[in-house]
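Chemist: Just add 15 to the spot in the sequence shown (first one is 1) and you have the working numbering. Glycine included, every Cβ here is placed at the ideal spot set by N, Cα and C.
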Amino acid sequence: MLRLARAPNIAIATLWVDMLRQAGFDAAMQRYFLGSAAGELPPGECLPEVWLMADDEREAEARALLDAFLHMPQRRWRCVCGELVEGGFEQCWRCGTPRPE
Ligand SMILES: [Zn+2]
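(1) Using 10 angstroms around the beta-carbon of Pro113, count the other beta-carbons present and answer buried if the total reaches 16, otherwise exposed.
(2) Is the beta carbon of Glu120 sitting closer than 8 Å to the one on Arg21?
(3) Apply the 10 Å Cβ neighbour rule to Val95 and answer buried if 16 or more other Cβ atoms are within range, or exposed otherwise.
(4) Taking Arg109 as the reference, which of Pro115, Glu116, Leu99 has the closest Cα?
(5) Would you decide whether Met16 is buried or exposed? Buried here means 16 or more other CB atoms lie within 10 Å of its CB.
(6) Specify the secondary structure class of Glu98 as computed by DSSP and reduced to three states.
(7) Roughly how many angstroms lie between the CA atoms of Arg46 and His86, to the nearest whole one?
(8) Is DSSP giving Ala12 helix, strand or coil here?
(9) How would you label Ala42, buried or exposed, when you count the other beta carbons within 10 angstroms and need 16 or more for buried?
(10) Hey, quick one: how far does the alpha helix (DSSP H) through Ala28 stretch, first residue to last?
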């Protein structure tokens with residue numbers, strides 16, 4: 016397993032993990048839980064991280080996917096099937112219909 020990225024917050028980390036899982040990766044969010052050491056570590060140490068739990072050999076593929084995802088316009092749209100598609104997906108995750116222009 017390996018670390019792919021550090022997310023600015025848990026909501027975004029969850030979104031990235033969902034996106035990676037939908038692409039077939041075994042991704043998971045990991046967090047640092049600071050105990051008595053809190054205050055001694057830099058603030059970045061308590062941010063959520065996105066990890067690849069398996070398929071280490073697909074790291075480049077996962078990073079490319081994450082990178083493409085980050086550069087996609089973040090908006091939501093309503094598919095013809097009624098599903099609300101969020102997070103920059105170009106295709107409905109429920110029925111596979113492409114995003115309308
Ligand atoms: Zn749909």
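Modeler: According to the structure shown:
(1) Position 98 of the sequence shown, counted from the first residue, corresponds to residue 113. Exposed.
(2) With the chain covering 16 to 116 only, the question about residue 120 has no answer from this structure.
(3) Within the sequence shown, numbered from 1, the residue matching residue 95 stands at position 80. Exposed.
(4) The count along the sequence shown starts at 1 and reaches residue 109 at position 94. Of Pro115, Glu116, Leu99, the residue nearest in Cα terms is Leu99.
(5) For the purposes of this step, residue 16 is taken as the residue at position 1 of the sequence shown. Met16 is exposed by the Cβ-count criterion.
(6) Looking up residue 98 in the sequence shown gives position 83. Note: Glu98 maps to coil in three-state DSSP.
(7) Numbered from its first residue, the sequence shown carries residue 46 at position 31. Numbered from its first residue, the sequence shown carries residue 86 at position 71. So the alpha carbons of these two residues sit roughly 24 Å apart.
(8) The question about residue 12 has no answer, for the chain in this structure spans 16 to 116.
(9) Stepping through the sequence shown from its first residue, residue 42 is reached at position 27. Result: buried.
(10) In the sequence shown, the residue the question calls residue 28 occupies position 13. Looking at the DSSP string, the run of the alpha helix (DSSP H) that includes Ala28 is 25-37.
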